[in-house]
Amino acid sequence: MAGAGNAIRGSRVGAGPMGEAERGDAAPRQTVTYFCSHDHRSVVTFAIEAAVPDSWDCPKCGLPASLDSENPPPAPKIEPYKTHLAYVKERRSETEAADILDEAVALLRSRRKAGEIIF
Numbered sequence: 003m004a005g006a007g008n009a010i011r012g013s014r015v016g017a018g019p020m021g022e023a024e025r026g027d028a029a030p031r032q033t034v035t036y037f038c039s040h041d042h043r044s045v046v047t048f049a050i051e052a053a054v055p056d057s058w059d060c061p062k063c064g065l066p067a068s069l070d071s072e073n074p075p076p077a078p079k080i081e082p083y084k085t086h087l088a089y090v091k092e093r094r095s096e097t098e099a100a101d102i103l104d105e106a107v108a109l110l111r112s113r114r115k116a117g118e119i120i121f
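Under this note's numbering, think of the first position of the sequence shown as 3, with each following residue one higher.
(1) Is the stretch 26 to 45 touching the stretch 58 to 66 in the sense that three or more CB pairs, one from each, lie closer than 8 Å?
(2) How long is the line joining the alpha carbons of Val-90 and Ala-99, rounded to whole angstroms?
(3) Among Ser-39, Ile-102, Leu-87, Gln-32, which has the Cα closest to the Cα of Ala-53?
(4) Report buried or exposed for Ala-67, applying the criterion of at least 16 other Cβ atoms within 10 angstroms of its Cβ.
(5) Cα separation between Ile-80 and Ser-39?
(6) Measuring straight from C-alpha to C-alpha, what distance separates Glu-105 and Pro-82?
(7) Round the Cβ separation of Ala-70 and Phe-37 to the nearest angstrom and send it over; I've been treating them as touching at under 8 Å.
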């Protein structure tokens with residue numbers, strides 16, 4: 003029988019119940035309710051002297067929540083992922099792209115005529 007007769011297992015010498023007398027009094031607190039656009043309510047507790055933020059991230063859906071239950075903040079607009087080609091198209095016009103392509107093709111053709119090996 004392993005473990006029989008070991009009544010104080012998991013405690014250490016001097017350990018006892020921690021009460022308000024040993025820890026001191028708890029700081030005065032206030033509870034604040036935040037509302038998100040998915041009708042979630044988040045109750046957050048702050049110290050009385052702490053500054054209460056205007057917005058808080060909803061722990062259920064991750065959207066921003068505000069103190070105003072009638073007008074919760076809208077969900078942020080998420081931009082779709084841009085490919086490398088999309089960024090290039092932002093910087094170059096169609097005519098610039100055609101000119102660069104023509105230069106590159108002309109360079110390759112001139113190398114082929116000269117007998118260079120292109121890898």
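The beta carbon of each residue, even a glycine, is placed where N, CA and C say it ideally should be.
Fair warning: this is a prediction, and the values are worked out from it, not measured in the lab.
Quick look at the numbers:
(1) yes
(2) Residue numbering aside, residue 90 sits at position 88 when the sequence shown is read from its first letter. Residue numbering aside, residue 99 sits at position 97 when the sequence shown is read from its first letter. Those two C-alpha atoms are separated by around 9 Å.
(3) On the sequence shown, residue 53 is found 51 positions in, with the first residue counted as 1. Cα-wise, what sits closest to Ala-53 is Gln-32.
(4) Mapped onto the sequence shown, residue 67 falls at position 65. So Ala-67 ends up on the buried side.
(5) As a first step, residue 80 is located in the sequence shown; it is residue number 78 there, counting from the start. As a first step, residue 39 is located in the sequence shown; it is residue number 37 there, counting from the start. When rounded, the distance between both Cα atoms is 16 Å.
(6) Here residue 105 refers to the residue found at position 103 when the sequence shown is read from its first residue. Here residue 82 refers to the residue found at position 80 when the sequence shown is read from its first residue. If you take the alpha carbons of Glu-105 and Pro-82, they lie about 33 Å apart.
(7) Numbered from 1 along the sequence shown, position 68 holds the residue referred to as residue 70. Numbered from 1 along the sequence shown, position 35 holds the residue referred to as residue 37. Note on residue identity: the sequence assigns Asp, not Ala, to residue 70. Right, their Cβ atoms sit about 7 Å apart.
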